[in-house]
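Letter by letter, the sequence shown follows residues 1 to 523 of my numbering.
Just so it is clear, CB atoms sit at the ideal spot from N, CA and C, and this is done for glycine as well.
Small disclaimer: the values here were computed from a predicted structure and weren't measured.
I have placed the structure first, in the form of structure tokens, so that the comments after it can refer back to it.
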Amino acid sequence: MEKKSEINGHVVPASADRTSKEKSMKEKLLEFLGKNLLVLMTVSGVLVGVGLGMMVRNMNLTKAEMTYFAFPGEMLLRMLKMIILPLVVCSLVSGAASLDTRSLGKLGGIAVGYFLVTTLIASGIGVALAFIIKPGVGAGSLNTNSLGLESVSSDKETTDSFLDLARNLFPSNLVAAAFRSYATSYKMVASGNDTNGTILYQKVPVGTEADGMNILGLVLFAMVFGVALRKLGDEGEELIRFFNAFNEATMVLVSWIMWYIPFGIMFLVASKIVEMVDVVLLVTSLGKYIFASILGHIIHGGIILPLIYFGFTRKNPFSFLSGLITPFTTAFATCSSSATLPSMIKCVEENNGVDKRISRFILPIGATVNMDGAAIFQCIAAVFIAQLNNVELNAGQIFTILVTATASSVGAAGIPAGGIITIAIILEAIGLPTNDLSLMLAVDWIVDRTTTVVNVEGDALGAGILHHINQQEMKTQQEEGGELSEVRVEAVANIQAEEETSPLVNHQSKASEAAPEAIESIL
Numbered sequence: 001m002e003k004k005s006e007i008n009g010h011v012v013p014a015s016a017d018r019t020s021k022e023k024s025m026k027e028k029l030l031e032f033l034g035k036n037l038l039v040l041m042t043v044s045g046v047l048v049g050v051g052l053g054m055m056v057r058n059m060n061l062t063k064a065e066m067t068y069f070a071f072p073g074e075m076l077l078r079m080l081k082m083i084i085l086p087l088v089v090c091s092l093v094s095g096a097a098s099l100d101t102r103s104l105g106k107l108g109g110i111a112v113g114y115f116l117v118t119t120l121i122a123s124g125i126g127v128a129l130a131f132i133i134k135p136g137v138g139a140g141s142l143n144t145n146s147l148g149l150e151s152v153s154s155d156k157e158t159t160d161s162f163l164d165l166a167r168n169l170f171p172s173n174l175v176a177a178a179f180r181s182y183a184t185s186y187k188m189v190a191s192g193n194d195t196n197g198t199i200l201y202q203k204v205p206v207g208t209e210a211d212g213m214n215i216l217g218l219v220l221f222a223m224v225f226g227v228a229l230r231k232l233g234d235e236g237e238e239l240i241r242f243f244n245a246f247n248e249a250t251m252v253l254v255s256w257i258m259w260y261i262p263f264g265i266m267f268l269v270a271s272k273i274v275e276m277v278d279v280v281l282l283v284t285s286l287g288k289y290i291f292a293s294i295l296g297h298i299i300h301g302g303i304i305l306p307l308i309y310f311g312f313t314r315k316n317p318f319s320f321l322s323g324l325i326t327p328f329t330t331a332f333a334t335c336s337s338s339a340t341l342p343s344m345i346k347c348v349e350e351n352n353g354v355d356k357r358i359s360r361f362i363l364p365i366g367a368t369v370n371m372d373g374a375a376i377f378q379c380i381a382a383v384f385i386a387q388l389n390n391v392e393l394n395a396g397q398i399f400t401i402l403v404t405a406t407a408s409s410v411g412a413a414g415i416p417a418g419g420i421i422t423i424a425i426i427l428e429a430i431g432l433p434t435n436d437l438s439l440m441l442a443v444d445w446i447v448d449r450t451t452t453v454v455n456v457e458g459d460a461l462g463a464g465i466l467h468h469i470n471q472q473e474m475k476t477q478q479e480e481g482g483e484l485s486e487v488r489v490e491a492v493a494n495i496q497a498e499e500e501t502s503p504l505v506n507h508q509s510k511a512s513e514a515a516p517e518a519i520e521s522i523l
């Protein structure tokens with residue numbers, strides 16, 4: 001005899017009950033797959049890419065064949081870079097125009113403070129780990145030639161590096177800023193003769209144009225332009241709507257590109273594994289440097305940043321980060337904060353519910369100026385090169401490393417190996433040779449992956465903190481508004497009551513009633 005169960009007061013056969021449970025489980029599974037399909041595909045793309053790379057590596061491809069093999073991954077990078085310019089400019093213009101000047105100033109101030117403090121903490125972690133682990137001690141025999149590397153040199157003065165940063169904030173040509181940035185070069189100019197008649201030369205800085213988008217200048221212009229449009233009032237509404245529509249259309253393009261990410265990432269990872277020359281030699285030679293850098297990224301990204309987020313919001317930071325697996329995977333595969341920006345904006349808004357005005361204002365700025373991961377490995381690299389050359393760093397030099405790493409990370413390009421250039425600034429500032437930079441470049445493809453993940457994690461948690469602060473302010477304003485309206489209602493009611501019972505009003509009304517009678521009697 002079939003067992004029966006009661007559901008909502010109705011007797012239902014047990015088999016039907018089991019079917020409904022199975023159906024609900026199936027629906028839940030389908031719902032989970034629907035929500036997380038892209039994440040699962042992206043992670044699978046990385047794993048398949050590792051396996052594919054190990055298989056193809058044994059085929060001994062030529063340089064030309066490696067280029068063809070990497071083509072699908074190259075297409076992903078090109079698509080992501082294509083979308084950066086319209087995304088950054090339009091999102092910042094619409095974000096700055098949608099916030100009032102007071103909110104913009106307050107949120108901007110908090111964001112700058114957050115970026116500076118977290119980068120300074122990251123620099124401190126990097127220096128501390130370098131002195132604890134001592135990656136350069138005992139590696140004095142290691143040099144560029146022993147690993148068969150090309151030398152990398154930088155003769156740029158520290159002062160000129162920071163002046164270039166200021167110059168790039170104000171590009172002389174906005175169109176050119178989309179694909180070129182200002183860079184100082186040097187030329188030798190004759191300045192006279194010495195007593196022996198030998199011609200004396202001076203090194204004079206001259207301005208040149210370097211390939212690569214001037215993202216700093218575009219970010220500053222877009223922010224100021226957005227504020228100017230808001231100041232125009234009704235006259236600026238049409239242009240604000242244009243940028244809002246442009247921004248939304250760009251996000252639609254991003255959603256389409258994101259479906260290509262799993263396939264592109266698979267070939268990016270596989271091609272990088274195929275291109276590796278002698279991993280064992282690099283790891284044995286620079287293993288302590290790689291370990292120190294990755295450990296610093298784990299400490300900062302896994303402990304420090306989540307604690308800061310929790311301190312501000314009192315919410316679980318890891319539930320917030322769990323919705324950002326796709327951008328983290330993209331960051332790991334592409335090694336580019338800028339290339340990760342499109343998927344980061346989309347996931348932060350859709351998975352974590354961050355206000356569009358906040359995310360589209362703060363994330364493009366963060367991708368440009370907030371480089372926590374880069375600050376960690378730059379500080380470790382500077383101390384590593386000092387230890388490599390048997391140079392004892394004093395307190396003044398350590399302080400210089402901290403300040404220079406924090407400041408120069410602002411100008412670090414959000415592109416693969418962009419931080420290597422800023423290490424040269426730090427080395428010049430403390431008077432160390434830059435001819436060992438090629439050692440950093442040799443293992444940068446390993447360290448740069450965790451570096452980029454920490455960079456974008458800092459941006460995302462910063463957006464979450466600003467969203468929380470903005471929500472609390474809005475809630476406070478609503479409560480204050482409610483109290484004010486209640487006070488106004490009570491005041492109006494009291495005034496009406498006073499008018500009804502006022503002796504003066506009663507006297508006036510009696511007088512007005514008596515006036516016609518007096519006139520009649522006179523007549």
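| query | Where does Met213 fall in DSSP's three states? | reply | Here residue 213 refers to the residue found at position 213 of the sequence shown. If DSSP states are grouped into helix, strand and coil, Met213 belongs with coil.
| request: With DSSP as the reference, label Leu104 as helix, strand or coil. | output: Position 104 of the sequence shown, counted from the start, is the residue given in the question as residue 104. It is helical.
| request: Take the Cβ of Val252 as the centre, count every other Cβ of all protein chains shown within 10 Å, and call the residue buried at 16 or more, exposed below. | output: Position 252 of the sequence shown, counting from 1, holds the residue named residue 252. The residue is exposed, with fewer than 16 neighbouring Cβ atoms inside 10 Å.
| message | For the structure I just gave you, are there three or more beta carbon pairs, one from the segment 190–206 and one from the segment 438–450, closer than 8 angstroms? | response | Contact fails: fewer than three Cβ-Cβ distances are below 8 angstroms.
| query | Out of Thr158, Thr208, Glu157, which has the shortest C-alpha to C-alpha gap to Ala609? | reply | As displayed, the chain neither begins before 1 nor continues past 523, which places residue 609 out of reach and without an answer.
| Are Ala375 and Ala122 closer than 8 angstroms when you measure CB to CB? | In the sequence shown, residue 375 corresponds to position 375, counting from 1. In the sequence shown, residue 122 corresponds to position 122, counting from 1. Against a cut-off of 8 angstroms, the Cβ pair of Ala122 and Ala375 comes out as a contact.
| field | Gln472 versus Thr406 - alpha carbon distance | value | Translated into the one-based positions of the sequence shown, residue 472 becomes position 472. Translated into the one-based positions of the sequence shown, residue 406 becomes position 406. Answer to the nearest angstrom: the Cα atoms are 30 angstroms apart.
| message | Suppose you measure from the CA of Ala497 to the CA of Thr250; what does that come to, to the nearest Å? | response | In the sequence shown, the residue the question calls residue 497 occupies position 497. In the sequence shown, the residue the question calls residue 250 occupies position 250. Residue placement at Ala497 is flagged as unreliable, the pLDDT there being 46, under the threshold of 50; a coordinate-derived value is accordingly withheld.
| query | Per DSSP, what kind of secondary structure is Ser343 in: helix, strand or coil? | reply | To locate residue 343, count along the sequence shown from 1; it is residue 343. Here Ser343 sits in helix by DSSP.
| Among the residues of its own chain, which have a CB less than 6 angstroms from the CB of Gly49, if the five just before and after it don't count? | For the purposes of this step, residue 49 is taken as the residue at position 49 of the sequence shown. If we look at Gly49 and ignore the five residues flanking it on each side, its Cβ neighbours are Met266, Val269, Ala270.
| request: Leaving aside the five residues before and after Phe377 along the sequence, list all residues of the same chain whose C-beta is less than 6 angstroms from its C-beta, in chain order. | output: In the sequence shown, counting from the first residue as 1, residue 377 sits at position 377. The answer, listed in chain order, is Ser293, Val447, Thr451.
| field | Three-state secondary structure (DSSP) of Ala386 | value | Taking the first residue of the sequence shown as 1, we reach residue 386 at position 386. Note: Ala386 maps to helix in three-state DSSP.
| task | Please state if the CB of Ser91 and the CB of Arg360 are separated by a distance shorter than 8 angstroms. | result | Numbered from its first residue, the sequence shown carries residue 360 at position 360. Numbered from its first residue, the sequence shown carries residue 91 at position 91. Going by C-beta atoms, Arg360 is nearer than 8 angstroms to Ser91.
| field | Among Met66, Leu40, Val112, the one whose alpha carbon lies nearest that of Thr326 | value | As a working mapping, residue 326 is identified with position 326 in the sequence shown. When only C-alpha atoms are compared, the closest one is Leu40.
| query | For His300, which three-state DSSP category applies? | reply | Your numbering for residue 300 matches position 300 in the sequence shown. His300: helix per DSSP, three-state reduction.
| message | Using CA atoms only, rank isn't needed, just tell me which of Thr195, Asp372, Leu441 is closest to Leu116. | response | The residue given as residue 116 occupies position 116 in the sequence shown. Answer by Cα proximity: Asp372.
| query | Does the Cβ-Cβ distance between Asp355 and His468 come in under 8 angstroms? | reply | Here residue 355 is taken as the residue at index 355 of the sequence shown, counted from 1. Here residue 468 is taken as the residue at index 468 of the sequence shown, counted from 1. No.
| message | Here's a check: name, in chain order, each residue in its chain whose Cβ is nearer than 7 angstroms to the Cβ of Ile273, leaving out the five neighbours to either side. | response | Stepping through the sequence shown from its first residue, residue 273 is reached at position 273. Here the set comprises Val50, Gly53, Met54, Arg57.
| When the Cα atoms are used, what is the spatial distance from Phe162 to Glu428? | The residue given as residue 162 occupies position 162 in the sequence shown. The residue given as residue 428 occupies position 428 in the sequence shown. Cα to Cα, Phe162 sits roughly 12 angstroms from Glu428.
| query | Where Glu248 and Tyr182 are concerned, what is the direct C-alpha to C-alpha distance, given to the nearest angstrom? | reply | Against the sequence shown, residue 248 aligns to sequence position 248. Against the sequence shown, residue 182 aligns to sequence position 182. Rounded to the nearest whole angstrom, the CA to CA distance from Glu248 to Tyr182 is 31 angstroms.
| said: Between Ile298 and chain C, is the shortest Cβ-Cβ distance under 8 angstroms, so that the two count as touching? | reply: Chain labels in this structure do not include chain C; a single protein chain is all it has.
| task | Return the first residue and the last residue of the alpha helix (DSSP H) that Thr67 is part of. | result | As a position in the sequence shown, residue 67 is number 67, starting the count at 1. Here the alpha helix (DSSP H) through Thr67 covers 63–69.
| task | Please determine if the segment 76–83 and the segment 328–343 are in contact, where contact requires at least 3 C-beta pairs separated by less than 8 angstroms. | result | yes
| Roughly how many angstroms lie between the CA atoms of Val369 and Ser24, to the nearest whole one? | Counted from its first residue, the sequence shown places residue 369 at position 369. Counted from its first residue, the sequence shown places residue 24 at position 24. One C-alpha to the other measures close to 47 angstroms.
| Starting from Lys272 and walking both ways along the alpha helix (DSSP H), at which residues does that stretch end? | Locating residue 272 in the sequence shown gives position 272, where the first residue counts as 1. That run of the alpha helix (DSSP H) goes 261–275.
| query | Going along the chain, which residues of its own chain have a beta-carbon closer than 6 angstroms to the beta-carbon of Phe246, five neighbours each way excluded? | reply | Mapped onto the sequence shown, residue 246 falls at position 246. Excluding positions up to five away in sequence, the list reads Cys90.
| field | Nearest candidate by alpha-carbon position, reference Ala463, set Ile365, Ser438, Lys475 | value | Numbered from its first residue, the sequence shown carries residue 463 at position 463. With distances taken between Cα atoms, Ala463 lies closest to Ile365.
| Reference Leu526, options Ser409, Leu437, Pro433, Ala424, closest by Cα | Because the chain is modelled from 1 through 523, residue 526 falls outside the range shown and cannot be assessed.
| request: Using beta-carbon positions only, say whether Val93 and Phe243 come within less than 8 angstroms of one another. | output: For the purposes of this step, residue 93 is taken as residue 93 along the sequence shown, with counting starting at 1. For the purposes of this step, residue 243 is taken as residue 243 along the sequence shown, with counting starting at 1. Yes, they are a contact pair.
| message | Just to check my reading of the structure: Val227 and Thr101 have Cβ atoms closer than 8 angstroms, yes? What is that Cβ distance to the nearest angstrom? | response | Working through the sequence shown from its first residue, we reach residue 227 at position 227. Working through the sequence shown from its first residue, we reach residue 101 at position 101. Sure, about 7 angstroms apart at Cβ, within 8 angstroms.
| Assuming Ile133 contacts Lys288 under a Cβ cut-off of 8 angstroms, what Cβ separation, rounded to an integer in Å, is found between them? | Indexing the sequence shown from 1 puts residue 133 at position 133. Indexing the sequence shown from 1 puts residue 288 at position 288. Ile133 to Lys288, Cβ: 6 angstroms. Contact.
| With distances taken from CA atoms, which of Leu107, Ser98, Ile308, Ile261 is nearest Gly236? | For the purposes of this step, residue 236 is taken as residue 236 along the sequence shown, with counting starting at 1. Looking at the Cα atoms, Ser98 is the closest of the given residues.
| Coil, strand or helix - Glu490 by DSSP | Numbered from its first residue, the sequence shown carries residue 490 at position 490. At Glu490, the pLDDT of 49 sits below 50, so the modelled position is not reliable; the number obtained from the coordinates is stated separately. The answer is helix: DSSP assigns Glu490 an H, G or I state.
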